[in-house]
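Undergrad: In order, the protein sequences belong to chains A and B. So the first sequence is numbered by my numbering: it starts at 23 and just counts up by one. So the second sequence is numbered by my numbering: it starts at 1493 and just counts up by one. Idealized CB from N, CA, C, for every residue including glycine. Keep in mind the model is a prediction, meaning the values are calculated, not measured.
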Amino acid sequence: MNRPIRVMAIGCLLLFVALMLNVNYLQYISADELNARNDNRRVLVEEYSRERGPIVVAGEPIASSEPVDDEYEYLRTYEDPGMYSNLTGFYSFTFGSTDLENSQNGILSGSDPQLFVSRVVDLVSSDQPSGGSVELTIDPDAQQAAVDGFAALAEGSRGAAVALDPETGAVLAMVSTPPYNTNQLASHDFEEVDDFYQRLLESEASPLVDRSREERYAPGSTFKLVTAAAALSDEDLDLSPDSQIESGSALSFPDGGSYVLTNQSDDVCGAQEITFTQAVAASCNTAFGRLALAVGPEDLAEQAEAFGFGDNSYLDSLQVAPSQFTSGDPAELDSPETAQSGIGQFDVAATPLQMAMITATIANDGTVMRPFIVSQVRSPDAEVLDRTQPETLYDDAVSGDVAEDLSEMMVATVEDGTAASLAIDEVSVGGKTGTAQRGDDDNPYAWIVGMAPADDPQVAVAVFIEDAGGTARDDIAGGALAGPIAKAVMQAVINP
Amino acid sequence: MSAASPRAGAEDPRLVPRKRRGAELWLLLLATVVGVGAYIAVGLGFDGEIPTDTPRLAGGIVGMALIAHVAIRRLAPYADPVLLPIVVALNGLGLAMIHRIDLSLEADGSPVGPFAGNQLIWTALGVASFIAVLLVVRDHRRLQAFTYTFGFLALVLLLLPLIPGLGVNILGAQIWIRVGPFSFQPGEVAKICLVVFFAGYLVVKRDALALAGRRFLGIDLPRGRDLGPILVAWLLSLGVLVFQRDLGSSLLFFGLFLVMLYVATERPGWLVVGGLLFAAGAYFSFLTFSHVQARVDGWLDPFSNSEEYYQIIQAMYGMAYGGLLGRGLGQGDPSMTPFSYSDFILTSLGEELGLAGIMAILMMYALLVERGLRTALVCRDAFGKLIATGLAVSFALQVFVVAGGVTRLIPLTGLTTPFMSQGGSSMVANWAIAALLLRISDQTRRPAPEVRPLEADDATQVVKMR
């Protein structure tokens, strides 16, 4: 009987080998995959119970982990969600994380490879791994100025503001209104979180969307800066700010049937010929319609792309929607469409961030700097791990000369044109307004872009108002509504 | 042995009998360190302090181990020295883990538990049954006389849970009986009775069953008329499946019979026949029973229905969460898996002790099986060989079915993890099995009784009639 017993011994051995191989597969080979599954509560709870590093603005934490006495040990707490909800995003057990909480999770949670050394130390001392801190480029005064500006508008207003340092691309302010209460999503009362999240999703004001970068809107007349840049760069047209260009009270098209492009006001624009600077300052639709036709839709599209249109990857740590010149092939645009595109209507759609980048580029002699919002990250023991270096995104979106011409015309627009509301005493300010029509029933979008000081720019700003609550349709104009906000932001930066 | 020694098997040095009780004592000490150490680690991991009742528990575990050891010294001095330490180590680890799950269940305000206290009492009863078996069964060959008694007993034990009023249905399986406050799983004890019955029956019938029938594809297939017993065993295990809805035991009983039949007859043909019968039975039950289908679906693709297959998914997550070295005792979340203290205790251990720990535990089981089969190999009588093989293989099959089930190697079936799962009947029965194996190994390794060489004038031989 010994032979079959030996055979059985081998059989039993095989059974155990199979078991052992299988546990190796389960605990080693497929472990990462299983741990990454999004219904794996063990991993979620563990990550969720870690002490997360803070998000810091000007030395003050705007998001931090506070120890609490429950299963999850730490509660993510936001100092001022009304000011920063669009940047920090939220850190929820049920709904995961968004925005910086999401993109900086590696550093904040302590799992980033850069934190390897401190993790090894934690392992040896058997401490829970703790997270590093993320510091932002945000200037709290500028951010506050924008938030206050929106708060001063009518109840229920929606909009966004972005301020950039033109020289580096650092984001100085990035505001989206209405904000939402990130603390309510980070709460450990999951039922309440669930409830609140549903309300946010259903809210007509969609507060979860950051209007400054995740949505794009018709930029209206602020886009005339792009058309002007294309026209000035066009050697065949040979234009300067003082050149006389055609304007007039109406522009009709050979292939446009009865369609006629008109101006908001004919006080300046109604004349047959005006200077280029006057056309910018008074925001003459007819003059810019003609310029757009002269430049042609393809060159216009190219100029827009040179400023960053079509790109969605430039911001270091947050999602951005790519701005668009047209939804189809620019060469297909007929002349009324081209003229409308030239004044920022038809299919043109841009994020407030993109419009701020255009302004910053003009302020920075034509070079587009890559915008960034994380200035540096530190390990849990405050050692700097990484510091963001300013980086050129596109060289020569326009030449230095053209940038200077555009800047000069923007200053004229503030001194003697539609953007007068931007004027700051004893500082030379450049700007451009925009009022984008959207059909007959909807209120128009109000825009303004500005930079200061024009001779040595420290800040470029774009303010966008999607809806100014109850403000009457005819009262909505970029200069009047958005101007004071942009001015306050610029003042906060240049007069700290 | 030197050449000067006139008799004592100079040609066979293997047979030098050594008791090795000292080795057993040392291993036993290590085994109790495993159990008590695990208990302390649970306290440190969960509360950050050494449990205050550690000396009491340590005293209990060491005391029981020593009592079992002394019993072996007295009752089976030549028995295998490795078996008891393995059993004590596994039992101690199981106790610590059950205590650890208790802590979590208590913290969560769970209605079930605590289990560890009862488990300790059951362990004591297990040791008592261990000693009782060593005391009562002084020679395993005596058991052969009770072959059919054991067969009858097995049948009765298997049928008990089906008696209305006595049997209770827990989670769909009709395998428990309840007397007063105690519930008991008679199938665990039936397993031992069946092994003894199979061994006794096969020893007698092996020659008949070994008669070759037709030769097909190089394998001797048995004769048709010899198929009776295997068909009975097959129907019996199907009956367990149908009436008690106990997939694991059904598999175990049939596998056990098949292996013992093969060992008794030395005919691989029986394995073929049995394998075919098993396949047919498995396919039939897959088609017929929805609970079998659910088990198979949950095995093939548990993520297809994360609510229905929550348990196996949680078990896998637990194992993955444990990784190579584990979370540390008291520092994982094993109680997220339902029945983490009984059927799924291995994945709980995998989560907290990691791959390293689970490999060590599997290795201990493998060693247990190996010592059992080694005992069978050197055993001098066919009956003992069969019992030892049956008991060792039953451990192997049981561990394979339950560990393979909870780690998704094979479809999940309910079986207890020997010496570890929470549950009394399994504990008592497995300690009894350990005692039986030790009894056989003691018999085997013991020095042969003095045989006086025949004197020349004493040539008349007595033919001994049994």
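Using a Cβ-Cβ distance cut-off of 7 Å, determine whether TYR1809/B contacts chain A.
TA: Counting from 1 along the second sequence, the entry for residue 1809/B is found at position 317. Chain A, which has a Cβ nearer than 7 Å to the Cβ of TYR1809/B, makes this yes.
Undergrad: Among GLU430/A, SER86/A, ALA458/A, whose alpha-carbon lies nearest the alpha-carbon of SER450/A?
TA: Taking the first sequence and counting its residues from 1, one reaches residue 450/A at position 428. Closest by alpha carbon: GLU430/A.
Undergrad: Using a beta-carbon distance cut-off of less than 9 Å, what residues from the stretch 1745-1762 of chain B approach chain A?
TA: Correct list: VAL1751, TYR1754, VAL1755, ALA1756, THR1757, GLU1758, ARG1759, PRO1760.
Undergrad: Could you tell me whether any Cβ in chain B is nearer than 7 Å to the Cβ of GLN165/A?
TA: Within the first sequence, residue 165/A is the residue found at index 143, counting from 1. No, its Cβ sits nowhere closer than 7 Å to a Cβ of chain B.
Undergrad: Give the secondary structure of TYR1833/B by DSSP, where H, G and I count as helix, E and B as strand, and everything else as coil.
TA: On the second sequence, residue 1833/B is found 341 positions in, with the first residue counted as 1. Coil.
Undergrad: Once you ignore the five residues that flank LEU315/A on each side, which residues in its own chain have a CB closer than 8 Å to its CB?
TA: Working through the first sequence from its first residue, we reach residue 315/A at position 293. The residues are SER357, THR360, ALA361, GLY364.
Undergrad: The stretch 1863-1892 of chain B: which residues have C-beta closer than 7 Å to a C-beta of chain A, in chain order?
TA: Answer in chain order: LEU1865, ALA1868, LEU1869, ALA1874, LYS1877, THR1881, VAL1885, ALA1888, PHE1892.
Undergrad: Output needed for PHE1770/B: all residues of its chain with C-beta closer than 7 Å, excluding positions within five of it in sequence on either side, in chain order.
TA: Your numbering for residue 1770/B matches position 278 in the second sequence. Only PHE1746 meet the Cβ criterion.
Undergrad: Helix, strand or coil for PRO26/A per DSSP?
TA: Within the first sequence, the letter at position 4 stands for residue 26/A. Reduced to three states, the DSSP call for PRO26/A is helix.
Undergrad: Classify THR190/A: buried if its beta carbon has 16 or more other beta carbons within 10 angstroms, exposed otherwise.
TA: The count along the first sequence starts at 1 and reaches residue 190/A at position 168. Buried, because 16 or more other Cβ atoms sit within 10 Å of the Cβ of THR190/A.
Undergrad: For TYR336/A, count neighbouring Cβ atoms within 10 angstroms of its own Cβ and tell me buried if that reaches 16, exposed if not.
TA: Counting from 1 along the first sequence, the entry for residue 336/A is found at position 314. TYR336/A is buried by the Cβ-count criterion.
Undergrad: Apart from the five residues just before and just after CYS1685/B, which ones in its own chain have a Cβ nearer than 7 Å to its Cβ?
TA: As a working note, residue 1685/B is residue 193 in the second sequence. So the list reads PHE1642, LEU1645, ALA1646, LEU1649, once near-sequence residues are dropped.
Undergrad: Quick one: does PRO26/A have its CB under 7 Å from some CB of chain B?
TA: Start at 1 with the first residue of the first sequence, and residue 26/A comes out as number 4. By this cut-off, PRO26/A is an interface position.
Undergrad: Let me make sure I understand the geometry here. Which of LEU1517/B, THR1757/B, ALA1880/B has the alpha-carbon closest to that of VAL1696/B?
TA: Translated into the one-based positions of the second sequence, residue 1696/B becomes position 204. Answer by Cα proximity: THR1757/B.
Undergrad: Where DSSP assigns a beta bridge to MET473/A, which residues make up the other side?
TA: As a working mapping, residue 473/A is identified with position 451 in the first sequence. Answer is GLY452/A, ALA482/A, bridged to MET473/A.
Undergrad: Quick check: the Cα distance between SER1494/B and ASP1934/B, rounded to an integer number of angstroms?
TA: By 1-based counting over the second sequence, the position of residue 1494/B is 2. By 1-based counting over the second sequence, the position of residue 1934/B is 442. With a pLDDT of 44 at SER1494/B, under the threshold of 50, the modelled position of this residue cannot be trusted, and the question is left open.
Undergrad: Just list the residues that DSSP pairs SER274/A with in beta bridges.
TA: Reading the first sequence from its first residue, position 252 is the one you call residue 274/A. Bridge partners of SER274/A: VAL282/A.
Undergrad: Just checking, does the stretch 1589-1599 of chain B make contact with the stretch 1883-1897 of chain B on the three C-beta pairs under 8 Å criterion?
TA: Counting Cβ pairs under 8 Å, fewer than three are found: no touch.
Undergrad: Rounded to the nearest angstrom, what separates THR435/A and LYS454/A at their Cα positions?
TA: Along the first sequence, read from residue 1 onward, the residue named residue 435/A stands at position 413. Along the first sequence, read from residue 1 onward, the residue named residue 454/A stands at position 432. In a straight line, the C-alpha of THR435/A is about 6 Å away from that of LYS454/A.
Undergrad: Of the residues LEU186/A, SER234/A, VAL302/A, which one's Cα is nearest the Cα of SER243/A?
TA: Counting from one through the first sequence, the residue named residue 243/A turns up at place 221. The shortest C-alpha separation from SER243/A is found at VAL302/A.
Undergrad: Is the CB-CB distance between THR523/A and ARG238/A below 7 Å?
TA: The structure shown has nothing for residue 523/A, since chain A only spans 23 to 518.
Undergrad: Any idea if VAL248/A is buried or exposed, counting beta-carbon neighbours within 10 angstroms, 16 or more meaning buried?
TA: Working through the first sequence from its first residue, we reach residue 248/A at position 226. Counting Cβ neighbours within 10 Å, VAL248/A comes out buried, since at least 16 surround it.
Undergrad: Using the beta-carbon of each residue, which ones in chain B are nearer than 8 Å to TYR94/A?
TA: By one-based count along the first sequence, residue 94/A stands at place 72. Ordered by position in chain B, no residue passes the 8 Å Cβ test against TYR94/A, which lies about 13 Å from the chain.
Undergrad: To the nearest angstrom, how far is it from the Cα of ILE1853/B to the Cα of ARG1634/B?
TA: In the second sequence, the residue the question calls residue 1853/B occupies position 361. In the second sequence, the residue the question calls residue 1634/B occupies position 142. Looking at the two C-alpha atoms, the distance is approximately 34 Å.
Undergrad: Quick check on GLN411/A: does DSSP put it in helix, strand or coil?
TA: For the purposes of this step, residue 411/A is identified with residue 389 of the first sequence, where counting begins at 1. Three-state result, GLN411/A: coil.
Undergrad: Buried or exposed, going by whether 16 or more other CB atoms sit within 10 Å of the CB of MET30/A?
TA: To locate residue 30/A, count along the first sequence from 1; it is residue 8. The residue is buried, with at least 16 neighbouring Cβ atoms inside 10 Å.
Undergrad: ALA1858/B versus chain A: which residues are under 7 Å apart at the beta carbon?
TA: Within the second sequence, residue 1858/B is the residue found at index 366, counting from 1. Simply PHE38.
Undergrad: Give, in chain order, every residue of the stretch 1538-1568 of chain B whose Cβ lies closer than 7 Å to some Cβ of chain A.
TA: Cβ contacts with chain A come from no residue of the stretch 1538-1568 of chain B.
Undergrad: Are SER198/A and SER228/A closer than 7 Å when you measure CB to CB?
TA: Residue mapping note: residue 198/A aligns to position 176 of the first sequence, counting from 1. Residue mapping note: residue 228/A aligns to position 206 of the first sequence, counting from 1. Cβ atoms of SER198/A and SER228/A: not closer than 7 Å.
Undergrad: So which residues of chain B does SER339/A contact, with C-beta pairs closer than 9 Å?
TA: Sequence index remark: in the first sequence, residue 339/A carries index 317 (1-based). Residues of chain B passing the Cβ test: none, with the nearest at roughly 29 Å.
Undergrad: Under a Cβ-count criterion, where at least 16 other Cβ atoms within 10 Å of its own Cβ denotes burial, should PRO1910/B be classed as buried or exposed?
TA: The residue given as residue 1910/B occupies position 418 in the second sequence. Burial call: buried.
Undergrad: Beta-carbon of MET1493/B versus every beta-carbon of chain A: anything under 7 Å?
TA: Here residue 1493/B is taken as the residue at index 1 of the second sequence, counted from 1. In this prediction, MET1493/B scores a pLDDT of 40, lower than 50, which makes its location untrustworthy; no coordinate-derived value is stated.
Undergrad: Less than 7 Å between CB atoms is the rule here; does LEU1847/B satisfy it with respect to chain A?
TA: To locate residue 1847/B, count along the second sequence from 1; it is residue 355. True, the Cβ-Cβ gap to chain A drops below 7 Å.
Undergrad: Is the beta carbon of SER1886/B closer than 7 Å to that of VAL1743/B?
TA: For the purposes of this step, residue 1743/B is identified with residue 251 of the second sequence, where counting begins at 1. For the purposes of this step, residue 1886/B is identified with residue 394 of the second sequence, where counting begins at 1. Residue identity check: residue 1743/B is Leu in the sequence provided, not Val. No, they are not a contact pair.
Undergrad: Applying the criterion that 16 or more other CB atoms from any shown protein chain within 10 Å of the CB defines a buried residue, is ILE160/A buried or exposed?
TA: By 1-based counting over the first sequence, the position of residue 160/A is 138. Result: buried.
Undergrad: Apart from the five residues on each side of it in sequence, which residues of its chain come closer than 7 Å, Cβ to Cβ, to VAL1687/B?
TA: Numbered from its first residue, the second sequence carries residue 1687/B at position 195. Closer than 7 Å at the Cβ level, and outside the excluded window around VAL1687/B, lie LEU1748, ILE1879, GLY1882, LEU1883, SER1886.
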